[in-house]
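Below is one structure, written out as structure tokens, with a few remarks after it.
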Amino acid sequence: MTDQKVKTKMKTEEYFVNMGPQHPAAHGVLRLLLTIDGEIIKNVEPDLGYIHRSIEKMCERDSYQQIVHLTDRMDYLSSHINNEAVCLTVEKGLEIEVSDRVKVIRTIIGELTRLASHQLWWGVMGMDLGALTTYFYAFRDRELINDIFEETCGARLTMNYFVPGGLMYDIHPNFVKRTKEFIAHFKTKLPEYDRLLTGNVIFEKRTKGVGMLTKEDAIAFGATGPVARGSGFASDIRKKDPYSAYDKVDFKEALFTEGDSYARYKVRIMEMWESMSIIDQLIDNIPEGNIKEPTKAVIKLPKGEFYQRVETARGELGVYINSTGTKNPYRVKFRSPGFSNLSVLNHISKGVKIADLVATMASFDFVIPDIDR
Amino acid sequence: MKNEDLQNIINGLAENLAFSEEGSEFLNVTIPKEALHNVCSQLKSNSDLDFDYAYCITGMDWGEELGVIYHLESTKLKHKIVVKVMTDDRENPTLDSVWDIWRTAEFHELEVYDFFGVKFNNHPGLRRLFLTPDWDGWPLRKDYVDEANMIVK
Numbered sequence: 000m001t002d003q004k005v006k007t008k009m010k011t012e013e014y015f016v017n018m019g020p021q022h023p024a025a026h027g028v029l030r031l032l033l034t035i036d037g038e039i040i041k042n043v044e045p046d047l048g049y050i051h052r053s054i055e056k057m058c059e060r061d062s063y064q065q066i067v068h069l070t071d072r073m074d075y076l077s078s079h080i081n082n083e084a085v086c087l088t089v090e091k092g093l094e095i096e097v098s099d100r101v102k103v104i105r106t107i108i109g110e111l112t113r114l115a116s117h118q119l120w121w122g123v124m125g126m127d128l129g130a131l132t133t134y135f136y137a138f139r140d141r142e143l144i145n146d147i148f149e150e151t152c153g154a155r156l157t158m159n160y161f162v163p164g165g166l167m168y169d170i171h172p173n174f175v176k177r178t179k180e181f182i183a184h185f186k187t188k189l190p191e192y193d194r195l196l197t198g199n200v201i202f203e204k205r206t207k208g209v210g211m212l213t214k215e216d217a218i219a220f221g222a223t224g225p226v227a228r229g230s231g232f233a234s235d236i237r238k239k240d241p242y243s244a245y246d247k248v249d250f251k252e253a254l255f256t257e258g259d260s261y262a263r264y265k266v267r268i269m270e271m272w273e274s275m276s277i278i279d280q281l282i283d284n285i286p287e288g289n290i291k292e293p294t295k296a297v298i299k300l301p302k303g304e305f306y307q308r309v310e311t312a313r314g315e316l317g318v319y320i321n322s323t324g325t326k327n328p329y330r331v332k333f334r335s336p337g338f339s340n341l342s343v344l345n346h347i348s349k350g351v352k353i354a355d356l357v358a359t360m361a362s363f364d365f366v367i368p369d370i371d372r
Numbered sequence: 000m001k002n003e004d005l006q007n008i009i010n011g012l013a014e015n016l017a018f019s020e021e022g023s024e025f026l027n028v029t030i031p032k033e034a035l036h037n038v039c040s041q042l043k044s045n046s047d048l049d050f051d052y053a054y055c056i057t058g059m060d061w062g063e064e065l066g067v068i069y070h071l072e073s074t075k076l077k078h079k080i081v082v083k084v085m086t087d088d089r090e091n092p093t094l095d096s097v098w099d100i101w102r103t104a105e106f107h108e109l110e111v112y113d114f115f116g117v118k119f120n121n122h123p124g125l126r127r128l129f130l131t132p133d134w135d136g137w138p139l140r141k142d143y144v145d146e147a148n149m150i151v152k
């Protein structure tokens, strides 16, 4: 019998499969309810909330300094940048202009955070597709960034180094030296990443043409970050709405138009080069200045609404604060990049195989607490 | 485009629109809930406005009213506005869904429903997203009480 005849004679039936909540490819507690026919996906319904802590509600009872701590726990791989988002929003409300020193330090640390996050993603993406070696390569280099952070702010994951008005304390005397050493080191190691994974035939076949997302869909679904830029949507907030010192540095927005998982991979590799270039431009010229503008011990934002968007390693993080003039915000909303990116998944996964869904999810780089908040 | 020009164009789209720039960096447009879907589809389709990107959709409890805040941006023309819609019915609050205009609203409206209990007409699958289906109440409302899990200062 030919294949065609087998197909027409075989009766198939749709059924449900749970992917998660404890699935290794989800990197956290995300449950996807898959409707499948054989190995073909018909529908993907995300079921969220396994790590939901209602951070927005907690913010309503906390002071503005305390809110910064909570944001570490959303996208824990971009914790510095999350902290920065809240600090910028509060500073906008108080009409505080931080010193150039603070702006430059925030930018350098933000880019180191992006590098560390992309390194972890690269290691995990290889691992998801069956190449365990990448994980060890990536963590070898990521340790160096964590050591720099640890020396300056005492933490490796939940940083809480930025505070409304500036920085909690000045950078460690070794910071500049060690950052330069790391950049020199990583410039020799990033080509190694390319040699190991980028040109790998198996990797290319698993990712090229897989998880196709058009530019129109990226905009309509509110996808941001490398996911959107892999589809040609120029969504980089650092370019669109520059904050901190991003208007003073020269860098290219990583933009590819193919829209597949491989394009999203290339965006992140290119962003790592651009992050290093940004740090190179700033690290030798950290200006002198105050590390913290004076704020009252109890911060009260004036009555009004304040919105600030920043570019985390995963995309656009928006912070909306509605204040009635008291020491607590009336309402805080975090527009998290992961939540909007996740909404695309069902749309682009219909009709593909389960293994391709794993590859697509790896290229989306989900951090589940960022989705659940 | 400047806020005054935006206001002039948007003002022609429907009646009873309220504009405000007080206490916000954006132009705020409050739309009567009956006109929400009509105005929103014109905000997107009008080539001078072209708001194709809803970058933040926030559920809101103003105390008396419940509602939704839409932060909109045009990716081509680079201008932004904030659209607000509210309902004073706290027992059975219902608004029109805009998921067919901005697909991202499908997910964000689920979030608003989950935390504020605002129902959306024509939404393709309204359900609890974060909380369990048997959860009692709407946690982000100001009058929500949960003595076991909430720490009140």
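Protein chains in written order, with numbering that gives the first Met the number 0: chain A, 0 to 372; chain B, 0 to 152. Glycine included, C-beta positions come from ideal geometry on N, C-alpha and C. Here the structure is a predicted model, which is why all the values come from computation and not from measurement.
Is the Cβ-Cβ distance between residue 217 of chain A and residue 227 of chain A less than 8 angstroms? yes
By alpha-carbon positions, which one of B:92, B:104, B:11 ends up nearest to residue 124 of chain B? B:104
Output the residue ranges of the beta strand (DSSP E) runs that lie fully inside the stretch 149-188 of chain A and measure 3 residues or longer, sorted by chain position. If we require 3 residues or more, the stretch 149-188 of chain A turns out to have no beta strand (DSSP E) run fully inside it.
In angstroms, rounded to a whole number, what distance separates the CA positions of residue 18 of chain A and residue 341 of chain A? For residue 18 of chain A and residue 341 of chain A, the distance between alpha carbons rounds to 15 angstroms.
Local conformation of residue 322 of chain A per DSSP, three classes: strand
So who's on the other strand from residue 69 of chain B, going by DSSP bridges? Paired residues: B:56, B:82.
Which residues of chain B have a Cβ atom closer than 9 angstroms to the Cβ of residue 319 of chain A, listed in chain order? 55, 57, 68, 70
Beta-carbon contacts of residue 155 of chain A that lie in its chain and below 7 angstroms, excluding the five residues immediately before and after: 145, 148, 149
Compute the Euclidean distance between the alpha carbons of residue 138 of chain A and residue 131 of chain B, then round it to the nearest angstrom. Near 36 angstroms, if we compare the C-alpha coordinates of residue 131 of chain B and residue 138 of chain A.
If the cut is a Cβ gap below 8 angstroms, which residues of chain B does residue 218 of chain A touch? 51, 52, 74
Under 7 angstroms Cβ-Cβ, which residues of chain A neighbour residue 105 of chain B? 342
By how many angstroms is the C-alpha of residue 79 of chain A removed from the C-alpha of residue 193 of chain A? 27 angstroms
Give the single residue among B:26, B:109, B:66, B:33 whose Cα lies nearest to the Cα of residue 4 of chain B. B:26
Hey, residue 252 of chain A and residue 238 of chain A: beta-carbon distance below 8 angstroms or not? yes
For a test of the three-state rule: what should DSSP assign to residue 19 of chain B, helix, strand or coil? strand
Mapping DSSP to helix, strand and coil, what is residue 13 of chain A? Secondary structure of residue 13 of chain A (DSSP, three-state): strand.
Unbroken beta strand (DSSP E) run spanning residue 46 of chain A, endpoints: 39-46
For residue 197 of chain A, three-class secondary structure by DSSP: helix
Whole-angstrom distance between residue 182 of chain A and residue 10 of chain B, CA atom to CA atom: 53 angstroms
Among the residues of its own chain, which have a CB less than 7 angstroms from the CB of residue 296 of chain A, if the five just before and after it don't count? none
Nonlocal neighbours in the same chain, by C-beta distance under 6 angstroms from residue 75 of chain A, ignoring five residues either side: 156
Taking the alpha-carbon positions, what's the residue 79 of chain B to residue 96 of chain B distance? 21 angstroms
So, helix, strand or coil for residue 311 of chain A, using DSSP? Residue state for residue 311 of chain A is assigned as strand, using DSSP reduced to three classes.
Which residues does DSSP list as the beta-bridge partners of residue 304 of chain A? Answer is A:321, bridged to residue 304 of chain A.
Using alpha carbons as the reference points, say which of A:199, A:105, A:366, A:299 lies closest to residue 63 of chain A. A:299
According to the Cβ coordinates, are residue 286 of chain A and residue 97 of chain A closer than 8 angstroms? no
I want to see whether chain A comes within less than 8 angstroms of residue 84 of chain B, judged by CB atoms only; does it? no
Minimum Cβ-Cβ distance from residue 23 of chain B to chain A less than 8 angstroms: yes
Can you give me the C-alpha to C-alpha distance between residue 242 of chain A and residue 215 of chain A, rounded to a whole angstrom? Going from the Cα of residue 242 of chain A to the Cα of residue 215 of chain A covers about 27 angstroms.
Of the listed residues A:57, A:86, A:331, nearest to residue 67 of chain A (C-alpha basis): Measuring from the Cα of residue 67 of chain A, the nearest candidate turns out to be A:86.
Please go through the same chain and pick out, in chain order, the residues whose beta-carbon is closer than 7 angstroms to the beta-carbon of residue 244 of chain A, but skip the five residues on each side of it. 102, 103, 106, 281
Could you please give the first and the last residue of the uninterrupted beta strand (DSSP E) stretch that includes residue 118 of chain B? 118-120
Cβ of residue 51 of chain A within 8 angstroms of Cβ of residue 369 of chain A? For residue 51 of chain A and residue 369 of chain A, no; Cβs fall outside 8 angstroms.
If you count every other CB in all the chains shown that lies within 10 Å of the CB of residue 17 of chain B, and 16 or more means buried, which is it? exposed
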